[in-house]
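One structure is given below, encoded as structure tokens.
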Amino acid sequence: IVSLTESPLVEGLLYAGTDDGLVQVSEDGGGTWRKVERFPGVPGLTYVSRLVASLHDPATLYAAFDNHKMGDFKPYVLKSTDRGRSWKSIAGDLPERGTVYALVEDHENPDLLFAGTEFGVFFTADGGKRWIQIEAGIPVIAVRDLAIQRRESDLVAGTFGRGFYILDDYSPLRFAPGVVDSASMLFPVKPAWMFIPSSPMGGREKASLGDAFFTAPNPPFGAVFTYYLRDEIKTRAERRREAEKGLMEAGKSVFYPDWDSLRAEEREEDPVVLLTVTDEAGTVVRRLTGPVTKGFHRVAWDLRYPAANPVSLKARELSPWAAPPAGPPAPPGRYRAKLRARVDGKVTRLAGPQEFVAAPLGTATLPAKDRGALLAFQQQTQRLQRAVLGAVESAREARERLAHLKKAIDDTPGADPVLADDARALDARLTELLVSLTGDDVLARHNEPAPPSIASLVRGVVEGHWTSTSDATQTHRRAYAIAAAEFGGLLGRLRTLVETDLRGLENRAEKAGAPWTPGRVPEWKPE
36 IVSLTESPLV
46 EGLLYAGTDD
56 GLVQVSEDGG
66 GTWRKVERFP
76 GVPGLTYVSR
86 LVASLHDPAT
96 LYAAFDNHKM
106 GDFKPYVLKS
116 TDRGRSWKSI
126 AGDLPERGTV
136 YALVEDHENP
146 DLLFAGTEFG
156 VFFTADGGKR
166 WIQIEAGIPV
176 IAVRDLAIQR
186 RESDLVAGTF
196 GRGFYILDDY
206 SPLRFAPGVV
216 DSASMLFPVK
226 PAWMFIPSSP
236 MGGREKASLG
246 DAFFTAPNPP
256 FGAVFTYYLR
266 DEIKTRAERR
276 REAEKGLMEA
286 GKSVFYPDWD
296 SLRAEEREED
306 PVVLLTVTDE
316 AGTVVRRLTG
326 PVTKGFHRVA
336 WDLRYPAANP
346 VSLKARELSP
356 WAAPPAGPPA
366 PPGRYRAKLR
376 ARVDGKVTRL
386 AGPQEFVAAP
396 LGTATLPAKD
406 RGALLAFQQQ
416 TQRLQRAVLG
426 AVESAREARE
436 RLAHLKKAID
446 DTPGADPVLA
456 DDARALDARL
466 TELLVSLTGD
476 DVLARHNEPA
486 PPSIASLVRG
496 VVEGHWTSTS
506 DATQTHRRAY
516 AIAAAEFGGL
526 LGRLRTLVET
536 DLRGLENRAE
546 KAGAPWTPGR
556 VPEWKPE
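Heads up, the sequence shown is in my numbering, so the first residue is 36 and it goes up one at a time.
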């Protein structure tokens, strides 16, 4: 006996498969057995690799056979609806070469089956007529066992020599037959549990524990959105090349596009899929982007408002211990997600909305008593953070403009020496403002204690209570008050320096004929 299963619906209904191609059936708990030895299309003496008693019908049984030792690599998958008395093949369009080792039935949809074969995992959503391979994230390898974690609808695949793989929440596959006929679909969203993910290793994932310390990534945190696109959303150039390919295959002439078409292709913005999350009042909480290629895709919302950090078009590499920019946590409640596409600047509806719930996990030892008041303070903190971080970048940008301006003045023979003196005076004022904003780097480089800067006070407030489900402490609120009071006076001085004094100095340098520098447009009149 190499495979054994008991009906989950009928006590004592047993099925046993043997290595010589027999299926034995007992309906009295093993007291008597009925032998089944012939199966349509399956050679005699074929190893019974798997038997699966249906979770939905007491008379239904699935069987997989393995005949690879005889040089036969065909996939044999059969179904009986009368407790093994008659059988039909449900191998459908499984590849001709690919022995089936494992089989499992979905606990909600009787037509959704998974098969583990010599070359990977396949699923069918129509009872075996059509099989589709699950390719993303799993290598081409023999899958010897399959199991389903029913609460989360996770599929676990045990492979020969490569460990095991988990497909988190395969529930969208239950909709697969209808998906094929849809141009796009946004699937129902599971309830999202709200908590603060821990970092037990002291950083992201396994931190610095070394390459030999194996860990696998957790499922995405937050609300996970699954969507399907029947066709890839293509650019003008991609659509043109596709049309040209069709003409070539049809033996027709292909002509060069005109210049206006090529210019439009060059200037077109890349298409993007937009996922918009709104709260119960219809207020937009977050906008996320996703892939535009055809097939299934997943995008996760971290249950936070967007970060208020200055925008950067360059990818910044974070240290292993630094967390990516994030906004304050969104409050528990009901949310809605909509799927849209932005093509050449025009936004069109694709699917949705789908409603979902974000709820606290309930493990906090000191939960905030008034979540509304906490959120108000967090949003107040974020507004200060946005302004402070923006002021820091503005000051650094002004320093860069001043550095270019001083060089340009030096390279202008007819420039008044007062220009250079004024530039240095502005630079000194800017340096003092930056000390208040970001700290005294001279003391820091010499390992001397320095007063906390405005940015460090704000950072302490943000990192202190945005990563907790508890209420903000009095220390957080006091630090906010100090930072806000200091920043209120500094911001006005910075604005005067950048918008009035620096701009005036740049205008004077322009009149002196100085070379171009960042932040100004050159003047010229036809002669």
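Backbone N, C-alpha and C define an ideal beta-carbon position, used for all residues, glycine too.
Beta-carbon gap between residue i and residue j smaller than 8 Å
i, j, result
"D101", "T81", "yes"
"A403", "S505", "yes"
"V22", "V112", "The question about residue 22 has no answer here: the residues shown for the chain are numbered 36 through 562."
"G474", "A463", "no"
"S219", "L385", "yes"
"A94", "T116", "yes"
"V307", "V320", "no"
"G368", "D314", "yes"
"A242", "P355", "yes"
"E303", "T270", "yes"
"L138", "A99", "yes"
"R434", "L465", "yes"
"G56", "G79", "yes"
"V378", "I231", "no"
Between the CA atoms of residue j and residue i - distance to the nearest angstrom
i, j, result
"G495", "H511", "8 Å"
"Q413", "L323", "21 Å"
"E131", "L44", "34 Å"
"M236", "T250", "11 Å"
"N344", "I517", "21 Å"
"T508", "V497", "12 Å"
"P360", "A342", "6 Å"
"V156", "I201", "11 Å"
"M229", "E390", "16 Å"
"L181", "E41", "17 Å"
"A408", "Q415", "11 Å"
"P363", "L353", "20 Å"
"P174", "D204", "19 Å"
"V6", "L437", "Given a span of 36 to 562 for the chain in the structure shown, any question on residue 6 remains unanswerable."
"G67", "Y50", "Note that residue 67 corresponds to Thr in the displayed sequence, not to Gly. Distance between the alpha carbons of T67 and Y50: 12 Å."
"Y515", "L401", "22 Å"
"Q563", "S233", "Residue 563 falls outside the range modelled here, since the chain spans only 36 to 562, and no answer is possible."
"R276", "N253", "40 Å"
"G151", "R406", "48 Å"
"L537", "P487", "28 Å"
"L190", "I183", "5 Å"
"S217", "L147", "19 Å"
"L90", "A272", "50 Å"
Candidates the options, of which the one nearest residue i by Cα
i, options, result
"L526", "A450, R480, L424", "L424"
"L454", "S429, N542, V312", "N542"
"V346", "L49, V427, P110", "V427"
"G127", "V533, F158, R179", "F158"
"A520", "E534, V497, L492", "L492"
"D445", "R434, A433, A458", "A458"
"P145", "R274, L96, S429, G397", "L96"
"G257", "A272, T152, Y370, R302", "Y370"
"K109", "V289, A393, I125", "I125"
"L472", "R274, G193, G524", "G524"
"A422", "T447, R434, A490", "A490"
"I169", "S188, L208, E267, V289", "L208"
"D337", "E284, G317, A393", "A393"
Where residue i falls, given that 16 or more other Cβ within 10 Å makes a residue buried
i, result
"G330", "exposed"
"V135", "buried"
"K104", "exposed"
"E140", "buried"
"F522", "buried"
"T383", "exposed"
"T531", "exposed"
"H439", "buried"
"F74", "buried"
"H142", "exposed"
"W294", "exposed"
"W166", "buried"
"V533", "buried"
"Y291", "exposed"
"R118", "buried"
"F248", "exposed"
"S288", "exposed"
Whole-Å CB distance - residue i paired with residue j, under 8 Å assumed
i, j, result
"G163", "K114", "7 Å"
"R179", "F195", "5 Å"
"G52", "L86", "5 Å"
"L461", "L374", "Between L374 and L461 the Cβ distance is about 50 Å, and since that is not below 8 Å, they are no contact."
"A430", "L478", "With 8 Å as the limit, A430 and L478 do not qualify as a contact, their Cβ atoms being about 19 Å apart."
"A372", "P388", "6 Å"
"A335", "V259", "5 Å"
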